[in-house]
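Numbers in this note's numbering are just positions in the sequence shown, counted from 1, shifted up by 5.
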Amino acid sequence: MSTLLNTNIYDYMKVLDKAADAAWIRNDCINNNLANVNTPKYKREDVDFKAQLKQALNEFRYMTTDEKVASLTNEDLKPKSYIDYAGYSYRKDENNVDVDVENVYLAENQIYYNGLTTAITAEFNDLRTVTK
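Written as structure tokens, this is what we have:
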């Protein structure tokens, strides 16, 4: 006997997948920043998917979290990089990359990415268990 499951697991999996994509892109941005640490007037690049997701979810007022997540489009979840012009530079060459800060961001992002991949794997394992 087949039972219809009423679940939004696929909507949440899509968010986890896009968050992992964003973490991967952020890793590339940080590595690019480190590669350009000595490039005059270079401005660091970054990705803030968490803020992007929060903003997208706040656009859906008076909905449950499940309804909000289900309403997210691929465009809402597309990771976007930005140039950090607000990052002040105290260097004469106007480059705003700080090697120590970028390395902290890199380590933080790697831990975040590992957590996301662990969560995705757990969701797939749970889904496999339910479908057996």
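Note that the Cβ used here is the ideal one computed from N, Cα and C, for glycine as well.
Rounded to whole angstroms, what is the Cα-Cα separation between residue i and residue j?
| i | j | result |
| --- | --- | --- |
| Asp-81 | Asn-36 | 25 Å |
| Asn-114 | Thr-134 | 30 Å |
| Pro-84 | Lys-137 | 34 Å |
| Asn-13 | Ala-75 | 7 Å |
| Tyr-15 | Tyr-110 | 30 Å |
| Val-102 | Leu-58 | 26 Å |
| Asp-89 | Val-52 | 10 Å |
| Met-18 | Ala-91 | 33 Å |
| Asn-130 | Gln-60 | 30 Å |
Determine the closest residue to residue i out of the options, with distance taken between C-alpha atoms.
| i | options | result |
| --- | --- | --- |
| Asn-43 | Thr-123, Ala-56, Glu-128, Asp-98 | Asp-98 |
| Asn-38 | Asp-26, Thr-123, Lys-137, Ser-86 | Ser-86 |
| Leu-21 | Glu-128, Thr-136, Lys-46 | Glu-128 |
| Val-104 | Val-52, Ala-40, Phe-54 | Ala-40 |
| Leu-62 | Val-52, Arg-49, Lys-48, Leu-77 | Leu-77 |
| Ala-112 | Pro-45, Lys-48, Trp-29, Thr-126 | Trp-29 |
| Lys-46 | Ala-56, Ser-94, Val-52, Asn-79 | Ser-94 |
| Val-106 | Leu-121, Glu-50, Lys-19, Gln-60 | Glu-50 |
| Arg-96 | Leu-132, Ile-116, Lys-48 | Lys-48 |
| Ala-56 | Ile-116, Tyr-118, Ala-27, Leu-121 | Ala-27 |
Give the secondary structure of residue i by DSSP, where H, G and I count as helix, E and B as strand, and everything else as coil.
| i | result |
| --- | --- |
| Val-109 | helix |
| Met-68 | coil |
| Tyr-95 | coil |
| Asn-32 | helix |
| Asn-100 | coil |
| Asn-114 | helix |
| Asn-41 | coil |
| Tyr-15 | helix |
| Lys-73 | helix |
| Ala-127 | helix |
| Lys-59 | helix |
Give me the DSSP bridge partner(s) of residue i.
| i | result |
| --- | --- |
| Ser-86 | Val-52 |
Take every Cβ of the stretch 61–71, pair it with every Cβ of the stretch 27–34, and state whether three or more of those distances are shorter than 8 Å.
Segments in contact, no.
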